[in-house]
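Residue numbers (this note's numbering): 2 to 443. Structure first, then comments.
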């Protein structure tokens, strides 16, 4: 049982007569991510008297999400977030600016979207530039302005039996959607590169570039444009590449001027950002402006020289050893194959340069090893020679010491011999004179 809420839901008056069904949400987990299905969006749209597509596109723009069919939003969104966004839609397009009642009838006035309040007669100018406003202008019935308020009044006076019938219908519809779920899983009707929103976003970026604004302003405008058209983050790379580098604005000559914008996006998005940039480049050359393919190899050489793409990234991607983001709207396997072929000459040069560099590094390593070996041998030889010199010095010193000892020994021997001879001479001359000897006795 879904219940009913006021239009808009933040009005707390229980007796308020303008009501709509409460949204019924279901989170679905599929191979390509979590999605939020608004099962009764058609009933909500009927109560508000607007097309379902206008509501879902408003959600996409406000939440930065993309959609599948008319009831499914990519990503996980809770009831509070969606209800708040729906209330904002009601304020923007359904409430009278004067009396604040949802008693308005929309109509086209030339190229403008307006509404007339049936309660107070006020003419309201509505936002026709918003993605949702453009959808309203496309699907606005000619007799929309003639719808009176009797439907809204009747909704406020519904009987309990009518409510019961609505609930039964809702349950029946839920079962039907479940049966069709398997069939609808592979049918995606969300925004793609061929969507009108993307084309308008690219055109807007191109016009802004012609105004000569700064890179910071251009990036800010690209972000606002993506949000207003309900485009997811990866589209920023694409609309900027295609909007800036048109055929009359050479991408090779003008890349340096706008490079900081893309480097900033990559720094914001992390590792996935470099892949999204590569995918945007592939789309630009192959699908958007195929006549520019002749510049693809030169441009990739520039990206390598500018260190936007590392050598390893380019070689691995070209060799199919590195995969880009298959989950984003920019993924195109056939386009990647064509782009690989277009830059074969550059990648061959890059691989050859890498091999030559590795060979030179190997030769330098061999030379270093040989030099180390030679130096080691020289050092060993020096050490060996030093050891021999040391031993020779020790031997000479020992010989000198022995010679000195020998000289001292000879000196001592000669001295002793001289002393002995002197003593012998003294003994010969030594005469023992007796005490009674007199000279006269001779």
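Think of the CB as a built atom: it goes at the ideal place given N, C-alpha and C, for glycine as much as any other residue.
- prompt: Mind pulling the alpha helix (DSSP H) runs of 4 or more residues that sit fully within the stretch 254-326?
  reply: 272-284, 297-306, 312-319
Outcome for residue 350 when other beta-carbon atoms lying within 10 angstroms are tallied against a minimum of 16: exposed
message: Could you tell me the alpha carbon to alpha carbon distance between residue 5 and residue 41, rounded to whole angstroms?
response: 12 Å
message: Quick check: the Cα distance between residue 54 and residue 233, rounded to an integer number of angstroms?
response: 18 Å
- prompt: Buried or exposed: which applies to residue 137, given that a residue is buried once 16 or more other Cβ atoms fall within 10 Å of its Cβ?
  reply: buried
- request: Could you name the residues that DSSP lists as bridge partners for residue 29?
  value: 36
task: Tell whether a beta-carbon distance below 9 Å holds between residue 297 and residue 231.
output: no
field: Collapsed DSSP secondary structure at residue 420 in the structure displayed
entry: helix
task: Mark residue 177 as exposed unless 16 or more other C-beta atoms lie within 10 angstroms of its C-beta, in which case mark it buried.
output: With a pLDDT of only 47 at residue 177, under the threshold of 50, the placement of this residue in the model should not be trusted, and no figure is reported.
query: Between which two residues does the alpha helix (DSSP H) containing residue 216 stretch?
result: 216-229
message: Tell me which residues share the same chain as residue 77 and place their Cβ nearer than 7 Å to its Cβ, disregarding the 5 neighbours each side in the sequence.
response: 28, 35, 37
task: Only counting runs of 4 or more residues, tell me where the alpha helix (DSSP H) segments fall wholly within the stretch 44-85, in order along the chain.
output: 53-64
query: residue 301 and residue 315: beta carbons closer than 9 Å?
result: yes
query: Residues in its own chain within less than 7 Å of residue 93 by CB, not counting five upstream and five downstream?
result: 128
- prompt: Can you pull the DSSP bridge partners for residue 114?
  reply: 109
field: Boundaries (first-last residue) of the beta strand (DSSP E) holding residue 20
entry: 20-22
task: Sort 209, 123, 88 by Cα distance to residue 98 and report the nearest one.
output: 123
Residue 67 versus 241, 228, 282, residue with shortest Cα-Cα distance: 228
- prompt: In whole angstroms, what separates the C-alpha of residue 312 from that of residue 358?
  reply: 13 Å
- prompt: Under 9 Å between the Cβ atoms of residue 195 and residue 206?
  reply: no
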